[in-house]
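All remarks here apply to the structure that follows.
Residue numbers (my numbering), protein chains in the order written: chain D, 8 to 274; chain V, 34 to 354; chain R, 1217 to 1615.
Below, the structure is given as structure tokens:
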């Protein structure tokens, strides 16, 4: 049983084929890597999986359910968690508030009950607060709980984002370049963290990554995209030595890499 | 065959328009058609200014109506102080221009990077301030103004007499719509304005002064608004504080929305549509069955706006979202 | 893995106080958090623990007492006409809070809010006068009608961008003025509709306290809203709707809910207004009023309850205060060449000037300015700077 399956997904933006017949599978508790040069369509694929885009063709299956037609928040309710390339947090709020907001679906009371101040909402809020503090503790963020997110340096933001996405209680974690901006040692430490988190929270992880050693360290399976198409897939060693992959990263096609990314950003 | 398919939007539109015209004539609503067409042209004039500003900066200029009212008050003040009509109009447009440039400099520029909602609120503030000053300096009562052209019976369309003033509005709008469309697509300055709206930083790096362009756009929109106000006043002849805003701003906004908010010819077409629909509704309001519904004109515009947003938010001429 | 380290202070030249003594101990509120071993660290200076001195407590208590005096006692001592005006200030506060939910929390602007208030007023008057319903039932109906309008309007217009929503509300406001308020049967036409005060609260003073009670209820709901998942969801979707969606928030539903809440409060405000002046006439609710509502909320300070209350109250009594008490129009009338500025015009001349000033120079409005005072009143240290939250500095850590 695969937790996540994207079947032959294709999507085009104004003439640019961002994804063409992309298929991907992630089994329970696997850590799956998605690699490829910039502009290969990796984030587009994530957007398709999480529901920000609908594919022109193909389908997305989550826990054996066809979720292709579901909205983002509906997929989140089913257990899909996701981070963003340029850090998806409510920057005007504190870390604590972000952790609380992310537990939206765990609140256990309705919005109306909350507004009216029904008695059970107070207890529920205390519990949410406790959970927020526990998550912060796990990620070593306790001193930062009451700091405004906007004031934090980039590396910190990535860690906060991981804590926050864990607060949504996901079964599947889609991480978009979680180690961007990190050096090799930090990335390695993050790999260790990720393995621990997978264990503690029983997660399946799909990860867009550029740090090749990290991919080798933690991924059970790797997909390589280029120009919106699946170039190769397999274990990290297989993919790393695949001739097409090598050519994609080092070869003459490198100059067109920014195209799809630019298109996505404009739209 | 492919040519037909490629232009099917325009063809459908033309077919619908023809059907509407014939339908209106058939039910005896020539009045609605003719008068509505020209009132709609007036809305189109104000809408042009709105679209201009929106296209270049993403701001909904709530004060666009007051550019018109201020111009009318200036016209009236100049005229009653003995200045002949044509120079008085020039003065009126100058007043509108001044107001536009002042607004741009003092309000819009400091808020350049603010969320667009903030700017909307700011322009609403400008509008309210203008209204307050009008009431304060000009008193809250209605005043009377002469039209630019005086004859009422020279032109007749479909049996309805159309005043010279109304024909003037129509002619002005058509000329302006064409001129602006050409401006934006053919001249360097026009293209620069479009570039600024999409990529202000890149445009600045290319040596184009974003600040000067902003002043230009607001000045132009203000003059357009002033012109619309002055011409409309000539038709309606009685005016009071805030009168362009209350009579024209919402229909103009609806017109701009119909046109997709970024299309200048769309603003023109949208204006005409709104004008005709409104006139028709007012006509209908005379029928016994609808007699109890007050304010059919405003109601019809509101329903049209909601209808468009519900069914086709990108407007008639806009691209699909 | 990160480790929070309470450790020796290092002097980084960033204003962090130097360690005292040989191996000085860091005050418990300064913490170093390493991003990774051997690389940069973040120095987090938590809000220092502070407790006011006994004198400080007395001072704060006195200020609280003064506030209570102004709110609860002073109106009693004035004549009924003035009490009436204070009541209007309280009702405007309710309306301001209503608009704040939309504009401040959700980031949507309603330019037709006077229609919601007006319809609330007419509904309540209608229920009492034409249907003979008791006051509280009529108010409840007015609130329900407010919710209904928001639901219908919102369902159509919240699907498109926020700026279009502003337009739709504006159009709705104008339509209400021309069409809805002119429906004779509902609004009594130009004669207006009488709206008597409820039996138990006939006197102007009692009605003032009744309105204060309603304001307290609104503040309670607003407070609970922002302390629970609903308010947090609104703030998230206002700033970053994509991220809010990944938290499981249905953006459309929550925006609509916020609008409904705003509609309910506005309906309440309208009903209370009607019975305050005991009759509702349609020209009370022009579209200039909609702009005044917006500007009193913005000048008050978005997302600041106290600020919005103060701003709204101020705007509702501005003509009375500024022109009656301080006699500003006397001063203006001295300026030659300038015609008299009647009191009723004050809001729409001074108001926009304040609004534009606020937007361009102090976007946080009154709420931002009184934050230091609020913090002090709650027992914090009085300081004009700093947010009271933990401050973060990035510094270099070399072993």
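Ideal placement from N, C-alpha and C gives every residue a C-beta, glycine not left out.
*Hey, is residue 1449 (chain R)'s beta-carbon within less than 7 Å of any beta-carbon in chain D?*
On the third chain, residue 1449 (chain R) is found 233 positions in, with the first residue counted as 1. By this cut-off, residue 1449 (chain R) is an interface position.
*Can you pull the DSSP bridge partners for residue 87 (chain D)?*
The residue you call residue 87 (chain D) lines up with position 80 of the first chain. As computed with DSSP, residue 87 (chain D) is found in a beta bridge with D:179.
*Could you pull out every residue in the same chain whose Cβ sits closer than 7 Å to the Cβ of residue 59 (chain D), ignoring the five residues on either side in sequence?*
Here the question's residue 59 (chain D) lines up with position 52 in the first chain. Taking residue 59 (chain D) as the centre and dropping the five residues before and after it, the same chain places the C-beta of 79 closer than 7 Å to its C-beta, in chain order.
*Give the range of the alpha helix (DSSP H) segment to which residue 1273 (chain R) is assigned.*
Translated into the one-based positions of the third chain, residue 1273 (chain R) becomes position 57. Residue 1273 (chain R): member of the alpha helix (DSSP H) spanning 1270-1284, first to last residue.
*Beta carbon of residue 261 (chain V), beta carbon of residue 79 (chain V): below 7 Å?*
Taking the first residue of the second chain as 1, we reach residue 261 (chain V) at position 228. Taking the first residue of the second chain as 1, we reach residue 79 (chain V) at position 46. For the pair residue 261 (chain V) and residue 79 (chain V), the CB atoms are nearer than the 7 Å cut-off.
*Per DSSP, what kind of secondary structure is residue 88 (chain V) in: helix, strand or coil?*
The sequence position of residue 88 (chain V) within the second chain is 55, counting from 1. Judged by DSSP in its simplified three-state form, residue 88 (chain V) adopts helix.
_Quick check: what's the CA-CA separation for residue 113 (chain V) versus residue 1437 (chain R)?_
Within the second chain, the letter at position 80 stands for residue 113 (chain V). Within the third chain, the letter at position 221 stands for residue 1437 (chain R). Here the alpha carbons of residue 1437 (chain R) and residue 113 (chain V) stand approximately 57 Å from one another.
_Whole-angstrom distance between residue 1500 (chain R) and residue 1409 (chain R), CA atom to CA atom_ = Here residue 1409 (chain R) is taken as the residue at index 193 of the third chain, counted from 1. Here residue 1500 (chain R) is taken as the residue at index 284 of the third chain, counted from 1. The alpha-carbon atoms of residue 1409 (chain R) and residue 1500 (chain R) are separated by roughly 12 Å.
*Status (buried if at least 16 other CB within 10 Å, exposed otherwise) for residue 1423 (chain R)*: Position 207 of the third chain, counted from the first residue, corresponds to residue 1423 (chain R). Residue 1423 (chain R) is buried by the Cβ-count criterion.
*Flag residue 1459 (chain R) as yes if its beta-carbon sits less than 7 Å from any beta-carbon of chain V, otherwise no.*
Residue numbering aside, residue 1459 (chain R) sits at position 243 when the third chain is read from its first letter. For residue 1459 (chain R), the closest Cβ of chain V is not nearer than 7 Å.
*Which residues in the same chain have their Cβ closer than 6 Å to the Cβ of residue 241 (chain D), if we skip the five residues on either side of it in sequence?*
For this step, residue 241 (chain D) is matched to residue 234 along the first chain. So no residue of the chain qualifies.
*Would you call residue 1599 (chain R) buried or exposed, if buried means 16 or more other Cβ atoms sit within 10 Å of its Cβ?*
Taking the first residue of the third chain as 1, we reach residue 1599 (chain R) at position 383. Exposed, by the Cβ-count rule.
*asked:* Less than 7 Å between CB atoms is the rule here; does residue 155 (chain V) satisfy it with respect to chain R?
replied: To locate residue 155 (chain V), count along the second chain from 1; it is residue 122. Yes, residue 155 (chain V) lies at the interface with chain R (some Cβ there is under 7 Å from its Cβ).
*Reduced DSSP category for residue 140 (chain D) - H, G, I as helix; E, B as strand; rest coil*: Taking the first chain and counting its residues from 1, the one referred to as residue 140 (chain D) is at position 133. In the structure shown, residue 140 (chain D) adopts helical secondary structure according to DSSP, grouped into three states.
_Contacts that residue 1499 (chain R) makes with chain V (C-beta to C-beta distance below 8 Å)_ = As a position in the third chain, residue 1499 (chain R) is number 283, starting the count at 1. Under the 8 Å cutoff, chain V gives no residues; its nearest Cβ is about 12 Å from residue 1499 (chain R).
*C-beta neighbour in chain D for residue 1398 (chain R), strict 7 Å*: By one-based count along the third chain, residue 1398 (chain R) stands at place 182. Interface residue (Cβ-Cβ distance to chain D less than 7 Å): residue 1398 (chain R) is not classified as such.
_Looking at chain V, is there any beta carbon in it that lies within less than 7 Å of the beta carbon of residue 1576 (chain R)?_
Taking the first residue of the third chain as position 1, residue 1576 (chain R) is located at position 360. Yes, its Cβ sits closer than 7 Å to a Cβ of chain V.
_By alpha-carbon positions, which one of R:1591, R:1518, R:1505 and R:1514 ends up nearest to residue 161 (chain V)?_
On the second chain, position 128 is the one that residue 161 (chain V) refers to. When the alpha-carbon of residue 161 (chain V) is set against those of R:1591, R:1518, R:1505 and R:1514, the nearest one is in R:1505.
*List the residues that DSSP assigns as beta-bridge partners of residue 69 (chain D).*
As a working note, residue 69 (chain D) is residue 62 in the first chain. Paired residue(s): D:11 and D:72.
_Can you check whether the C-beta of residue 1322 (chain R) is within less than 7 Å of a C-beta belonging to chain D?_
By one-based count along the third chain, residue 1322 (chain R) stands at place 106. At a cut-off of 7 Å, the C-beta of residue 1322 (chain R) has no neighbouring C-beta in chain D.
*Among R:1378, R:1413 and R:1375, which residue has its Cα nearest to the Cα of residue 1348 (chain R)?*
The sequence position of residue 1348 (chain R) within the third chain is 132, counting from 1. With distances taken between Cα atoms, residue 1348 (chain R) lies closest to R:1413.
*Taking only the alpha-carbon atoms, compute the straight-line gap between residue 268 (chain V) and residue 225 (chain V) and give it to the nearest angstrom.*
Walking along the second chain from the start, residue 268 (chain V) turns up at place 235. Walking along the second chain from the start, residue 225 (chain V) turns up at place 192. Computed Cα separation, rounded: 36 Å.
*Can you round the beta-carbon distance between residue 1474 (chain R) and residue 1339 (chain R) to whole angstroms, since I take them to be within the 8 Å contact cut?*
Reading the third chain from its first residue, position 258 is the one you call residue 1474 (chain R). Reading the third chain from its first residue, position 123 is the one you call residue 1339 (chain R). That belief does not hold up - the Cβ atoms of residue 1474 (chain R) and residue 1339 (chain R) are roughly 22 Å apart, past 8 Å.
_Just checking: is the beta-carbon of residue 202 (chain D) within a distance shorter than 7 Å of some beta-carbon in chain R?_
If you number the first chain from 1, residue 202 (chain D) lands on position 195. False, the Cβ-Cβ gap to chain R never drops below 7 Å.
*Hey, quick one: how far does the beta strand (DSSP E) through residue 165 (chain D) stretch, first residue to last?*
Position 158 of the first chain, counted from the first residue, corresponds to residue 165 (chain D). Not the beta strand (DSSP E): residue 165 (chain D) falls in the alpha helix (DSSP H), residues 161-174.
*Which ranges does the alpha helix (DSSP H) cover as unbroken runs of at least 4 residues, wholly within the segment 95-159 of chain D, from first to last along the chain?*
Whole alpha helix (DSSP H) segments, 4+ residues: 102-109, 118-123 and 126-145.
*asked:* Any beta carbon from chain D within less than 7 Å of residue 1445 (chain R)'s own beta carbon?
replied: For the purposes of this step, residue 1445 (chain R) is taken as the residue at position 229 of the third chain. Yes, residue 1445 (chain R) lies at the interface with chain D (some Cβ there is under 7 Å from its Cβ).
*Distance, residue 57 (chain V) Cα to residue 1479 (chain R) Cα*: Here residue 1479 (chain R) refers to the residue found at position 263 when the third chain is read from its first residue. Here residue 57 (chain V) refers to the residue found at position 24 when the second chain is read from its first residue. Residue 1479 (chain R) and residue 57 (chain V) have their C-alpha atoms spaced approximately 39 Å apart.
_DSSP three-state assignment for residue 231 (chain D), whether helix, strand or coil_ = If you number the first chain from 1, residue 231 (chain D) lands on position 224. It is a strand residue.
*Does residue 344 (chain V) come within less than 7 Å of chain R when only Cβ atoms are used?*
The residue you call residue 344 (chain V) lines up with position 311 of the second chain. The Cβ of residue 344 (chain V) sits no closer than 7 Å to any Cβ of chain R.
*Nearest chain V C-beta to residue 1318 (chain R) closer than 7 Å, yes or no?*
Residue mapping note: residue 1318 (chain R) aligns to position 102 of the third chain, counting from 1. Residue 1318 (chain R) does not count as touching chain V.
*Would you tell me roughly how many angstroms separate the C-alpha atoms of residue 1509 (chain R) and residue 1315 (chain R), rounded to the nearest one?*
Numbered from its first residue, the third chain carries residue 1509 (chain R) at position 293. Numbered from its first residue, the third chain carries residue 1315 (chain R) at position 99. Roughly 8 Å separates the two Cα atoms.
*May I ask you to verify whether the segment 1441-1450 of chain R touches the segment 1343-1357 of chain R, counting CB pairs closer than 8 Å and requiring at least 3?*
Taking 8 Å as the limit for Cβ pairs, the verdict is that the segment 1343-1357 of chain R does not touch the segment 1441-1450 of chain R.
*When you check each C-beta in the segment 1425-1441 of chain R against every C-beta of chain D, which residues fall closer than 7 Å?*
Taken in chain order, the members of the segment 1425-1441 of chain R whose beta-carbon sits within less than 7 Å of a beta-carbon on chain D are 1436, 1437, 1440 and 1441.
*Go ahead and pull the three-state DSSP assignment for residue 17 (chain D).*
To locate residue 17 (chain D), count along the first chain from 1; it is residue 10. DSSP, reduced to helix, strand and coil, places residue 17 (chain D) within a strand of the structure shown.
*Taking contact to mean at least 3 C-beta pairs separated by less than 8 Å, is the segment 87-97 of chain D in contact with the segment 177-184 of chain D?*
As far as the Cβ criterion goes, the segment 87-97 of chain D touches the segment 177-184 of chain D, which means the pair count is three or higher.
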